[in-house]
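This report refers to the structure that appears directly beneath it.
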Amino acid sequence: MSATAVWEAAGASGWTLAAATLVVAGLLVVPGWVVGRAARLGALPSLAVAPAIGSAIIGAGEILAHGLALSWCPWGWAVTAALTIIAALGARLVAGPPPRSARRATPWSRAERLILAGGLAVAVVVPAGAILSALPGPGYPAQAFDATFHLNAVAAIREGGNASMLGGLSALYSGSAVYYPTVWHGILALAPGGPAVVSTAGVLALTAVAWPLGLLGLLAGVTGLDTACEPAGDGAGRRQRVCAVAAVLALSAAVVSYPLLLMTSLSVWPYALSVLGLPGVLVLYDLLRRGTASRRRHLTLVVLALAAAGGVVAAHGTGLFNLAVLTLPFLADAVASLWRRSAGSRGGRALVVAGAVVAVLVLVVGAWIMRSSLASVLGYRRPAGGVAGAVATLGQALIDLPMYGAVPGATVPVGILIGLLTLGAAWSARSRQQRPWLVMWLMVLLLLALVGGPQWAGRQLGSPWYLQKARIAPLAMLPALVLMAQAAAGRPGLRLWEELRRRAARVHGARPGRTAAAVLVAVVLLPVAARVPLERNLVASVYDPQRIQYGTLLTKDAITLIQRSRSVLPDDAVVLGAPSRGAAHLWSLGGVHVVYPTRAEAAPGTPESELVSAWPALGRTGSQTCMLLDRLGARYFYSSSDATASGSATGAAPLRWDAPLTQLPTEGLELIDSEGGVSLWRITACD
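Number 1665 in our numbering belongs to position 447 of the sequence shown; there are no gaps in the numbering.
In structure tokens form, the structure reads like this:
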């Protein structure tokens, strides 16, 4: 019995989901946090860098485990622990002893801790509650194009033992060893529960644990709320920064562009993991830009930034392009700073110009060497939106509307408040410290407008994101949240507080501070509460068989049949069926091998590709169809006759290349099991 079948046999209880969520959250946060602390980063900034550095450690561990012929399950635990210890020791060696001149920070007050804990609690509880309340059950799988692949990727790693991104998922590519980022799948493979349970646990862990903690670390870093550098005697200023971070942290629970949209409707989980690592890179950039006390400290931050960038790219290749976009404002700021400092020194400015020329030449040469790959990426096509589409895209980005499909509950009034707060924060960004974040936000808005607008050469700049606005939107939300936190922690926030106190004193007289605080809490929590229905609808759009956004793959009957399929099929069974009717889920839900483990079309020239053309003409022993079935070891067939998907809102998922696989042969089949309109057959024609 396969590892997948063993986990499924153990059941999919709420306790299993809770345990898996804790394990995944631990793997996302703990290894990287340990390394950050070893490098003498503050506790809060270390939370930001944790997912990126952890992804780098796990990605390297997957390759190392395969190189040492160690099965990822369970040796992945030992390899990850060993690499974490090695990385932590290396980080401490580079960082060295703490500087003697380090100032001791004033201990946080109980009120400050409670305020920050309150903001974090909202950011954790609201998305977790939205997910759990809309989830039909712990064992229900996400039903989306990408989710089918990712579920079976976990099953493939557990069964094959190879989690390397360099060929670990060959079972999903007709045996071909291809590159595919597997950090996400390797993490899930180590958690308890079947692929469906651990995937849902991954959604919970990233959305409701790792993201709030990472955002807390980023906001604490960019607002100066870091105990490692907090000057003594700045109690009022720190209280304001605590309130600012807590408020934006709580408000993030109302944001749907990241991570909820990527984790639900799109189900691009590895890409979402890559985006999760960006706050760590950004907080390190910000620390480098502010300057360091010693060259050793500077070197430590550079090494951490390189490791974090490696983790972002290891989680998903598009992370390289995300880094390029988000690095440009900081790089431009660094070059401008060097240019100013070299004023009056011809040699200094000549070096800056020479460095810029060399960098451009390296980029040009690299682009020429990779011209075929770049041409392939930039040649991606998707329907354009016209000028009206560009304007609408800017509106969607400002008020945080879902940029993928039509989701009930995407109410505009709630988003308008988020948009006004973002615009106000951007307008108040006057200091040099805020400039890179403002430039970053404007750059991403421009990129979004290009992708959502008319077709022309410039639109192809969005090709690395498959010209999909929803994949780019998180890059705009990150600097927007930072700008809001900086505004709230600075003079605009202080002016707003004084104005609210003054108005409260006129209306109520006594205790204007409490009234003003209540108004601010309401401003933050009202959009959060109003967004909960939309968030629940996003979850239901991929988990509830009656409400799947782009067509149901699995009805309740199909899930029931698949989960008991292991008891009616032999251990070596291979099942043929249409992935668009749920057949691919036999592997992830039932532990039974399938001919087509993904919804993508098989590569030309493979037996899988030829079998689609030959089906349903079974013929007799020795026919082409039987020869192909023999080569693939397939002797069972999965069928679904329910085109309405039990009356779901959108019906069954649209058929693709697999339409012939929905047809039943007129003879040569023996019924083994059925549930509703779903059946399992044994192919007898080729006996």
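Virtual Cβ for every residue (Gly too), placed ideally from N, Cα, C. Keep in mind it's a predicted model, so treat the numbers as computed, not measured.
- Ile1304 counts as exposed, since fewer than 16 other beta carbons sit within 10 angstroms of its beta carbon.
- Ala1776 sits close to Ser1858, with the two beta carbons spaced by under 9 Å.
- The beta-carbon separation of Pro1692 and Val1493, rounded to 5 Å, stays under the 8 Å limit for a contact.
- Here Asp1876 is buried: its Cβ has 16 or more other Cβ atoms, across all protein chains shown, within 10 Å.
- Going by DSSP, Ile1777 is part of the alpha helix (DSSP H) stretching over 1774 to 1781.
- Across the structure, Ile1690 and Pro1356 are spaced so that their CA atoms are roughly 30 Å apart.
- When beta bridges are read from the DSSP output, Glu1330 appears opposite no residue.
- Secondary structure at Ile1281: helix, using DSSP grouped into helix, strand and coil.
- Nearest C-alpha to His1811 among Thr1770, Phe1855, Ser1841, Ser1831: Phe1855.
- Pro1315 and Arg1331 have their C-alpha atoms some 29 Å from each other.
- The three-state reading of DSSP puts Leu1369 in helix, counting H, G and I together.
- Annotated as proximal: Leu1898 and Val1786, with beta-carbon spacing under 9 Å.
- By the CB criterion at 9 Å, Ala1820 and Ser1392 fall inside the cutoff.
- For Leu1500, the closest of Val1750, Trp1586, Val1396, Ala1525 by C-alpha to C-alpha distance is Ala1525.
- For the 9 Å CB-CB criterion, Arg1376 and Ala1341 do not form a contact.
- In terms of CA proximity to Trp1295, Ala1409 leads the group Ser1864, Ala1409, Cys1461.
- Of the residues assessed, Gly1597 falls on the exposed side of the cut-off, its CB having fewer than 16 other CB atoms within 10 angstroms.
- Taking all protein chains shown into account, Trp1674 has fewer than 16 neighbouring C-beta atoms within 10 Å of its C-beta and is therefore exposed.
- Fewer than three beta-carbon pairs drawn from the segment 1259 to 1269 and the segment 1358 to 1367 are found closer than 8 Å, and the two stretches are therefore not classed as touching.
- In the DSSP assignment, Leu1387 falls outside any alpha helix (DSSP H) and carries neither an H nor an E.
- Contact between the segment 1543 to 1556 and the segment 1583 to 1599 is absent, with fewer than three C-beta pairs closer than 8 Å.
- Excluding its 5 nearest sequence neighbours in each direction, Thr1778 has C-beta neighbours in its own chain below 6 Å: Glu1893, listed in chain order.
- Rounded to the nearest angstrom, the Cβ distance from Arg1648 to Asp1551 is 15 Å, too far for a contact under 8 Å.
- Burial is judged here by how many other beta carbons sit within 10 angstroms of a residue's own beta carbon; Tyr1397 has fewer than 16 and is exposed.
- In the DSSP assignment, Ser1591 falls outside any beta strand (DSSP E) and lies within the alpha helix (DSSP H) extending over 1589 to 1596.
- Only exposed fits Gln1842, as fewer than 16 other CB atoms lie within 10 angstroms of its CB.
- For Leu1712 and Ala1706, the gap between their C-alpha atoms comes out near 7 Å.
- For Pro1399, the CB contacts under 7 Å within the same chain, skipping 5 residues up- and downstream, are Met1383, Pro1488, Ala1532, Ala1533, His1534, Gly1535 in chain order.
- When C-alpha distances from Ala1381 are compared across Ala1568, Ala1257, Gly1285, Ala1471, the shortest belongs to Gly1285.
- Within the DSSP bridge table, the entry for Ile1901 names Leu1887 as partners.
- By the neighbour-count definition (other C-beta atoms within 10 Å, threshold 16), Ile1587 is an exposed residue.
- Comparing alpha-carbon positions, the option among Leu1517, Leu1538, Ala1243, Leu1506 lying closest to Leu1549 turns out to be Leu1506.
- Beta-bridge annotation (DSSP): Leu1794 is paired with Phe1855.
- Unbroken alpha helix (DSSP H) runs of no fewer than 4 residues, entirely contained in the segment 1627 to 1678, are found at 1630 to 1645, 1653 to 1670, following chain order.
- For Tyr1503, the three-state secondary structure derived from DSSP is helix.
- At the C-beta level, Ser1759 and Val1625 come within 9 Å of one another.
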